[in-house]
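All remarks here apply to the structure that follows.
Number of protein chains: 2
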Amino acid sequence: MPNNYHNKIQFNGIIENKFIETLVQKFKRSPIQQNALQESDAELIRIPGTTITIALTIDSVVEEIERGLYTDPYLIGWMTVVSNVSDLAAVGAEPIGILLNETLPPALGMDYLNRLQQGIHDACSESKIYVLGGDTNFSSNIQMSACAIGYLPDGDPVKRIGCKPGDHLFSSGKLGQGSSYAYLKFSGGSSMNIGHSHYKPKPRLQEGQIIRKYASSCMDTSDGFIPAIDQLMRLNHVGFNVDTSLMQFIHPEAIDLSQKAQIPLWMMLAGPHGEFELIFTIPDTSVDAFLKSASVLNWEPCALGKVIEDKELKLLQKDKFITLETGKIRNLFNEVNGNMDKYIKGLFSFNY
Amino acid sequence: MPNNYHNKIQFNGIIENKFIETLVQKFKRSPIQQNALQESDAELIRIPGTTITIALTIDSVVEEIERGLYTDPYLIGWMTVVSNVSDLAAVGAEPIGILLNETLPPALGMDYLNRLQQGIHDACSESKIYVLGGDTNFSSNIQMSACAIGYLPDGDPVKRIGCKPGDHLFSSGKLGQGSSYAYLKFSGGSSMNIGHSHYKPKPRLQEGQIIRKYASSCMDTSDGFIPAIDQLMRLNHVGFNVDTSLMQFIHPEAIDLSQKAQIPLWMMLAGPHGEFELIFTIPDTSVDAFLKSASVLNWEPCALGKVIEDKELKLLQKDKFITLETGKIRNLFNEVNGNMDKYIKGLFSFNY
Numbered sequence: 001m002p003n004n005y006h007n008k009i010q011f012n013g014i015i016e017n018k019f020i021e022t023l024v025q026k027f028k029r030s031p032i033q034q035n036a037l038q039e040s041d042a043e044l045i046r047i048p049g050t051t052i053t054i055a056l057t058i059d060s061v062v063e064e065i066e067r068g069l070y071t072d073p074y075l076i077g078w079m080t081v082v083s084n085v086s087d088l089a090a091v092g093a094e095p096i097g098i099l100l101n102e103t104l105p106p107a108l109g110m111d112y113l114n115r116l117q118q119g120i121h122d123a124c125s126e127s128k129i130y131v132l133g134g135d136t137n138f139s140s141n142i143q144m145s146a147c148a149i150g151y152l153p154d155g156d157p158v159k160r161i162g163c164k165p166g167d168h169l170f171s172s173g174k175l176g177q178g179s180s181y182a183y184l185k186f187s188g189g190s191s192m193n194i195g196h197s198h199y200k201p202k203p204r205l206q207e208g209q210i211i212r213k214y215a216s217s218c219m220d221t222s223d224g225f226i227p228a229i230d231q232l233m234r235l236n237h238v239g240f241n242v243d244t245s246l247m248q249f250i251h252p253e254a255i256d257l258s259q260k261a262q263i264p265l266w267m268m269l270a271g272p273h274g275e276f277e278l279i280f281t282i283p284d285t286s287v288d289a290f291l292k293s294a295s296v297l298n299w300e301p302c303a304l305g306k307v308i309e310d311k312e313l314k315l316l317q318k319d320k321f322i323t324l325e326t327g328k329i330r331n332l333f334n335e336v337n338g339n340m341d342k343y344i345k346g347l348f349s350f351n352y
Numbered sequence: 001m002p003n004n005y006h007n008k009i010q011f012n013g014i015i016e017n018k019f020i021e022t023l024v025q026k027f028k029r030s031p032i033q034q035n036a037l038q039e040s041d042a043e044l045i046r047i048p049g050t051t052i053t054i055a056l057t058i059d060s061v062v063e064e065i066e067r068g069l070y071t072d073p074y075l076i077g078w079m080t081v082v083s084n085v086s087d088l089a090a091v092g093a094e095p096i097g098i099l100l101n102e103t104l105p106p107a108l109g110m111d112y113l114n115r116l117q118q119g120i121h122d123a124c125s126e127s128k129i130y131v132l133g134g135d136t137n138f139s140s141n142i143q144m145s146a147c148a149i150g151y152l153p154d155g156d157p158v159k160r161i162g163c164k165p166g167d168h169l170f171s172s173g174k175l176g177q178g179s180s181y182a183y184l185k186f187s188g189g190s191s192m193n194i195g196h197s198h199y200k201p202k203p204r205l206q207e208g209q210i211i212r213k214y215a216s217s218c219m220d221t222s223d224g225f226i227p228a229i230d231q232l233m234r235l236n237h238v239g240f241n242v243d244t245s246l247m248q249f250i251h252p253e254a255i256d257l258s259q260k261a262q263i264p265l266w267m268m269l270a271g272p273h274g275e276f277e278l279i280f281t282i283p284d285t286s287v288d289a290f291l292k293s294a295s296v297l298n299w300e301p302c303a304l305g306k307v308i309e310d311k312e313l314k315l316l317q318k319d320k321f322i323t324l325e326t327g328k329i330r331n332l333f334n335e336v337n338g339n340m341d342k343y344i345k346g347l348f349s350f351n352y
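Those protein sequence lines, which keep their order, are chains A and B. For the first sequence, position 56 (counting from the first letter as 1) is numbered 56 according to our numbering, and the numbering increases by one without interruption. For the second sequence, position 149 (counting from the first letter as 1) is numbered 149 according to our numbering, and the numbering increases by one without interruption.
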């Protein structure tokens, strides 16, 4: 993420958004594509002459490996699948499968390779999807990417856009384990008597299919809660008042870390490494029906608060509302060129 | 391609095939997938409850960049698209678009980036497809990959399998420019008074849609003619008698190089860098109808010869039939770990 272009081109407040806009500025949009740039987690393509929408996404595990965030080949394989399938979940698609793109160092041992493929296999089994094909290349650095495909039989996905003030904000599960994993990985949890993280996110596929029936917007937290909320704020021109206490919806592992390492709770939501839950909004009139459908799955979504008109994010931390500068938090990792020490210091300087 | 596993595991004669089989050995096949492993250039997925088949492919431009085969960012962008779209052409799909996966060095200049994106843009315009989405990562090495999607409204693709002795073998155009480009790039053409290559392959999309109506098998020459023929031989348990003189169907640029550098003509078909034409087989009874359809496009396919029972490849070089050890030729690049000098020497040692 950190790079030279970013320093030159900042528009729309967010470095990453602007860089993507620069890359695609000459590309025309397909007339059968149902989403504009940034409007949904997966690309949505209506098959001509049908009511069927294909959901398609491509995602890499590159920086996570280079920075040493993922070192276990099993986790690398697992996350290669999950990071893609989670985008299918966020549009409510029925998943079909993935195509793998493995760039492998020639000297990689068979043990490493077997664990890598086992992680892929298990994540596919968990998601009830298949490996459909792939491409293999050899290079000095391991880089994994994949493309996931799913479909919406009635052609009606949920996107990132559509929420309105008054809608209820939910998350599919507790948040913050993406950050606690990264912190423990880089700082060493053992010195704090916390041990290692149990980070192993599962794509919320079944939940996504319920969400799309009722929700006015949805996005996954692949980059963390605050970056996802910031993106929803920019796309929908709204804000969020999260009046559920952070203690209620932050993951126990992240709460434990926060207390032992004396890190403010809100920082567990900062990203840019996320936990791959879904955050979504439900219009007031649909909340009861939504919760009834969720209970059939034995799924308890977390009620977080409401969409508001003011373009800001309010969080309830230790009985006190704090208002977060989400754009600044989101840009920070790029601005410090991904330096973890500077990033943590920068987060502390917000002083919420 | 060259790597440690290859030295350990050789099965089915071909190093690359066996490595892929090792990678996927634990993966189950999707019940809605219409092709088995290796059976088609693109993965073919029947959308449940419809007659529609989705064609999906993922391909990288990694080794070509690392080895210095592609240095012009425009060509890198162009080939990222073409290598994927060519696989859609080879199954006869109507193309829809691509998703890009760009891994970029942070220090890349804007000029480089603009030329890269222009190459992508122009290849998409040429193919009448759209960029549907993508993912961008930053790393020390540039790596490009993409995923292409297309569809077959009636669900009836052409695959690599299905040809029978007596079928006619064609190519969509003249062959050998993949090899002449690589040779000129690495050896420097100027010393031979040849200049630079005009390599810029165009996906044979319209041709592929005609081919699938008549053909019993089809494959692109992304890895060169001999590797493609070898794969068709193994999949179909047949051989090929190419009784059209090499001079008739080898690209003028490759003929020129062959004469000036005193390289036997057959070597222009060796790969592993190909020219992205299609090779395909047409049953005897369909040849006239096929040629009539081709003429409507003002397209003149090259008639190469016939499918035969003996599992061998015969070529007509300088009025003399030669029988090629296609498996050995195909494995050579891996066996010399991609060393170009050793590869060329190894090819000369075949002494055809």
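Glycine included, each C-beta is placed from N, C-alpha and C at the ideal position.
Which same chain residues, not among the five before or five after residue i, have their C-beta less than 6 Å away from its C-beta?
i	result
Ala228/B	Met219, Thr221, Ile279
Leu152/A	Thr53, Ala93
Leu146/A	Residue identity differs from the one stated: residue 146/A is Ala in this sequence, not Leu. The answer, listed in chain order, is Thr80, Asn84, Ile98, Leu100.
Phe11/B	Low local confidence applies: a pLDDT of 37 at Phe11/B is under 50, so the model's placement there is unreliable, and no value is given.
Ile329/A	Ile226, Ala270
Glu63/A	none
Arg204/A	Ala89, Ser172, Leu278
Helix, strand or coil for residue i? Go by DSSP, reduced to three states.
i	result
Gly305/B	strand
Phe276/A	coil
Ala215/B	coil
Ser60/B	strand
Thr244/B	strand
Asn137/B	strand
Gln259/B	helix
Pro73/B	helix
Ala36/B	coil
Ile229/A	helix
Gln143/B	strand
Count the other C-beta atoms from every protein chain shown that fall within 10 angstroms of the C-beta of residue i, then say buried if there are 16 or more, exposed otherwise.
i	result
Gln231/B	buried
Glu275/A	buried
His237/A	exposed
Glu309/B	exposed
Gly133/B	buried
Ala289/B	exposed
Asp135/B	buried
My guess is that residue i and residue j are in contact by the Cβ rule of under 8 Å, so how many angstroms apart are they, rounded?
i	j	result
Pro264/A	Gln317/A	7 Å
Gly239/A	Glu312/A	4 Å
Asn339/B	Ile15/B	Not quite, the Cβ-Cβ distance comes to about 15 Å (not below 8 Å), so this is no contact.
Leu364/A	Pro73/A	No information on residue 364/A is available, as it lies outside the stretch 1 to 352 that chain A covers here.
Glu126/B	Gln177/B	Incorrect: roughly 17 Å between the Cβ atoms, too far for contact.
Ser245/A	Tyr130/B	With 8 Å as the limit, Ser245/A and Tyr130/B do not qualify as a contact, their Cβ atoms being about 46 Å apart.
Val91/A	Ala42/A	5 Å
Could you say which of the options lies nearest to residue i if we only look at CA atoms?
i	options	result
Gln34/A	Pro48/A, Asn137/A, Lys26/A, Leu23/A	Pro48/A
Arg212/A	Arg67/A, Ala294/A, Phe333/A, Ser83/A	Ala294/A
Ser86/B	Thr57/B, Val61/B, Thr103/B	Thr57/B
Met267/B	His251/B, Asp135/B, Ile282/B, Leu104/B	His251/B
Asp358/B	Lys128/B, Ala270/B, Gln143/B	Residue coverage of chain B in this structure runs from 1 to 352, which leaves residue 358/B outside it and unanswerable.
Gly109/A	Leu23/B, Ala123/B, Leu113/B, Ser217/B	Leu23/B
Pro165/A	Leu257/A, Gly176/A, Gly305/A, Asn141/A	Gly305/A
Ser172/B	Thr323/B, Gln248/B, Cys302/B	Cys302/B
His198/B	Leu246/B, Val91/B, Leu75/B	Leu75/B
Lys28/B	Ile344/A, Lys342/A, Lys260/A, Ile120/A	Ile120/A
Phe350/A	Asp341/A, Val82/A, Glu325/A	Glu325/A
Ile161/B	Lys345/B, Asn141/B, Val307/B, Tyr343/B	Val307/B
Gln248/A	Phe170/A, Lys200/A, Asp135/A, Trp78/A	Phe170/A
Asn241/A	Asp284/A, Leu315/A, Lys345/A, Leu257/A	Leu315/A
Phe348/A	Arg234/A, Thr50/A, Ala261/A, Met233/A	Ala261/A
To which residues of the same chain is residue i closer than 7 Å at the C-beta, ignoring the five residues directly before and after it?
i	result
Leu69/A	Ala182, Lys185, His273
Trp299/B	Glu207
Arg46/A	Ile32, Gln34, Thr53, Gly155
Gly150/A	Ala55, Leu88, Ala93, Glu94, Pro95, Ile96
Val287/A	His168
Pro106/A	Phe138
Ala215/A	Val158, Phe280, Thr281, Ile282
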